[in-house]
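Step one of this worksheet: look at the structure below.
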Amino acid sequence: MPRFSKTIFLPFVVFPILIATHGFQSKNPNASWVEHILGTSWMHFLLEISLTLYIIYVSIHKMKRNSPNPLKESLEQLTEKEKENLIKEWTPEPLVPASFVQDIEMNEAHRPKVVCESKIAKYVSCNGRQYLNMSSYNFLNFVGNAQLEETAKRTIRKYGVGSCGPRGFYGTVDVHLELEEKIAKFMQCEEAILYSYGTATISSAIPAYSKRGDLIFVDDGVNFSIQQGLVVSRSNLKYFRHNDVKHLESLLEALRLQDQIALSRPRRHFLEKDDVDHPSKRRVFLVVEGLYANYGDLCPLPQLVALKKKYKFRIFLDETFSIGVIGRTGRGVTEHFDVARDDIDLYTGSLENALGSTGGFCCGSTFVIDHQRLSGLGYCFSASLPPLLAAAASTALDLVQERPELFDQLRANSEYMHKELSRLPGLSLHGLPGSPLKHLRLAVPSESRQQDADLLNRVVNHVYTNGSTLFITAKYAPAETLLPQPSIRVAVNAELTQSEMTSAVQEIASAAKEVLL
């Protein structure tokens, strides 16, 4: 009731004050308020009436909004017995859904139980035996490198192990800034930003720029980290077939025609607002990988850039697997295709594969990168990269530039392995000849994905039991939405000898003949 009294009587207090105030300013202070009204100008009087009516409208509207709602209050106020019944009826969901557990158990059914007892380097010790490692992304053989290890030791003595906080809160030290500067210079971009984990880089970068109502065109062969970034962004998604430029162009053309219709529709009145999906409010992005983790091939970057210039969208290029691998000096697919750096709006990459450390980075223009310092979730809320790993990655970048012959060795080994693996019985090779990342899939897959995965696991298990090479079947997270066919993943190392590669191919050929034929 007090709220009602204050609100309803407000205009009756304000209106006399307005009249009285004007009376004091009148030429005849002794005139009555009636004489004052009759003597004032009609425009001023109309203004006072309009203001008074507006105050009455606002007061009544506020009174209705704040008035108690008996029905709402009755629904919000539950008895103790009703609360107890609701609590008893509630069943919490498991932290790990049963379907996830079933998927993991099925995938592990015929997978060898491997326990590694050494560094995951070129050779690895597992269950008491030594194996040639053809399964991890140690493309330049930097894992176990003496220079990287010595750098890490010196950094531990100076800074300790951890970074003690996020980058914006006591988590930044000089080695982070030095590494960002080196990455920007190496990638020939204005600025770079460092993340603690490779998988959190692209999944943080996408939602930093693309929001609800925006539109993202995505290759349906992208990896799990990109998929997670797409989910977090809550943007509208349109998938095109893997590396199918014509399919992408047809989707872009359909969008252009749709936008023309939307923009030609007149507004009903000048106060009408466009929704978030309206072309005038929406931004359009394209997300692709440089070297696809699930296929071992490159994106057709020159054609994508041509479409960008024609249809006006922004390109996010994930070079997680192509940095330090593709290109004459390891600078990725832009160097490989001789595409101008400015044609790509945002690059993301990883320090965890070719460079043998941990973490990830984004690079691009200063305007684009600075936005992530307050909007990149992985940058703002995760503890920064431990200084020892940042220093090790910095040393790895120096080695990459000091030893360009590593890329020639890696390409030669990749092409040799491609030629030899293409002859395997019962298996189909996927990936480019010059790519160090390859996939072996069944030449004649069955209708059951699980059955195909079991056969490939048996091939890998046979090599593990009877040979001296460590292969692995590609693993996919239960939450992954874009699943490729099951495969045996082959990762080529720049420092493999021809005899080592020949022996590895012979072992997997023998296993394929035993299991598949």
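Those letters in the sequence shown? Residues -23 to -1, 1 to 494, per mature numbering (1 follows the signal peptide of the UniProt record, and there is no 0), in order.
Think of the CB as a built atom: it goes at the ideal place given N, C-alpha and C, for glycine as much as any other residue.
This one's a predicted model, so the numbers in the text were calculated from it and none came from an experiment.
Can you name, in chain order, every residue of its own chain whose Cβ lies under 6 Å from the Cβ of residue i, other than the five neighbours on each side?
i      : result
Ile346 : Glu168 and Ile170
Leu354 : Ser181
Ile179 : Ser202, Ile203, Gly206, Asp295 and Thr325
Asn390 : Val469 and Leu473
Ala451 : Ser464 and Arg466
Could you compute how far the alpha carbon of residue i sits from the alpha carbon of residue j?
i      : j      : result
Val261 : Met394 : 40 Å
Gly336 : Asn200 : 17 Å
His106 : Ser399 : Sequence check: residue 106 is Arg here, not His. Near 28 Å, if we compare the C-alpha coordinates of Ser399 and Arg106.
Ala481 : Lys188 : 47 Å
Thr479 : Glu397 : 8 Å
Tyr174 : Tyr34  : 56 Å
Glu484 : Leu154 : 46 Å
Ser327 : Phe338 : 6 Å
Gln237 : Pro243 : 12 Å
Lys96  : Ala368 : 19 Å
Glu491 : Leu447 : 18 Å
Leu433 : Tyr272 : 16 Å
Lys415 : Ser257 : 43 Å
Ser445 : Gly301 : 28 Å
Leu351 : Cys357 : 6 Å
Glu126 : Ile133 : 11 Å
Gly267 : Val195 : 13 Å
His348 : Leu240 : 30 Å
Glu382 : Glu457 : 37 Å
Phe315 : Phe293 : Reading the sequence as shown, one finds Asp at residue 315 and not Phe. Between Asp315 and Phe293, the C-alpha separation is close to 17 Å.
Ile193 : Ser227 : 15 Å
Leu234 : Arg259 : 15 Å
Leu248 : Gly304 : Here the model assigns Leu248 a pLDDT of 45, short of 50, so the residue's position is not dependable, and the following value carries that caveat. For Leu248 and Gly304, the distance between alpha carbons rounds to 53 Å.
Leu323 : Gly341 : 5 Å
Pro279 : Pro69  : 50 Å
Phe163 : Lys130 : 25 Å
Tyr114 : Glu66  : 49 Å
Tyr100 : Pro143 : 35 Å
Leu404 : Leu494 : 11 Å
Ser3   : Leu23  : Here Ser3 scores only 49 on pLDDT, less than 50, and its place in the model should not be relied on; the value that follows carries that caveat. Looking at the two C-alpha atoms, the distance is approximately 17 Å.
Phe344 : Tyr453 : 35 Å
Decide if residue i is buried, meaning its Cβ has at least 16 other Cβ atoms within 10 Å, or exposed.
i      : result
Val73  : exposed
Asn110 : buried
Val92  : exposed
His38  : exposed
Tyr31  : exposed
Arg211 : exposed
His313 : buried
Leu365 : buried
Val138 : exposed
Asn62  : exposed
Thr306 : exposed
Leu55  : exposed
His21  : exposed
Glu230 : exposed
Thr176 : buried
Ala270 : buried
Arg388 : buried
Between which two residues does the alpha helix (DSSP H) containing residue i stretch?
i      : result
Ile238 : Val222 to Ser241
Val467 : Taken as a continuous stretch (DSSP letters only), Val467 belongs to no alpha helix (DSSP H), being part of the beta strand (DSSP E) at Ile465 to Ala468.
Ile485 : Gln475 to Leu493
Tyr288 : Leu278 to Tyr288
Lys215 : That residue, Lys215, is in no alpha helix (DSSP H); its beta strand (DSSP E) goes Asn213 to Phe217.
Glu70  : First-last for Glu70: undefined, no H or E at that position.
Could you pull out every residue in the same chain whose Cβ sits closer than 8 Å to the Cβ of residue i, ignoring the five residues on either side in sequence?
i      : result
Gln462 : Arg418, Leu419, Pro422, Arg426 and Asp429
Leu401 : Leu417, Val482, Ile485, Ala486 and Ala489
Pro277 : Asn220 and Val222
Residue range of the beta strand (DSSP E) that residue i falls in?
i      : result
Leu263 : Val261 to Glu266
Leu294 : Arg291 to Asp295
Ser210 : Per DSSP, Ser210 belongs to no beta strand (DSSP E); it is in the alpha helix (DSSP H), Phe201 to Ser210.
Ile193 : Leu192 to Asp196
Asn110 : Arg106 to Asn110
Cys93  : Unbroken run through Cys93: none, as it is neither H nor E.
Asn269 : What sits at residue 269 in the sequence shown is Tyr, not Asn. From DSSP, Tyr269 is part of no beta strand (DSSP E); its letter is neither H nor E.
Asn299 : At residue 299 the sequence reads Ser, which differs from the Asn that was named. Taken as a continuous stretch (DSSP letters only), Ser299 belongs to no beta strand (DSSP E), as it is neither H nor E.
Ser102 : Tyr100 to Cys103
Got a sec? Which residues, its chain only, sit under 7 Å from residue i by beta carbon, not counting five neighbours each side?
i      : result
Cys141 : Tyr147 and Gly148
Lys58  : none
Ala185 : His348, Gln349, Ser352 and Gly353
With respect to 7 Å, is the separation between the Cβ of residue i and the closest non-hydrogen atom of the ligand PLP below this value?
i      : result
Leu433 : Because no ligand of any kind appears in the structure shown, any question about the ligand PLP cannot be addressed here.
**Request:** Entirely within the segment 301 to 370 and at least 3 residues each: give me those beta strand (DSSP E) ranges in chain order.
**Result:** The qualifying runs are 323 to 327 and 337 to 341.
**Request:** Go through the segment 393 to 460 residue by residue and report every complete run of the beta strand (DSSP E) that reaches 3 residues or more, in order.
**Result:** 404 to 407 and 414 to 419
**Request:** For the segment 113 to 184, list the alpha helix (DSSP H) runs that are entirely contained and at least 4 residues long, ordered along the chain.
**Result:** 123 to 136 and 151 to 163
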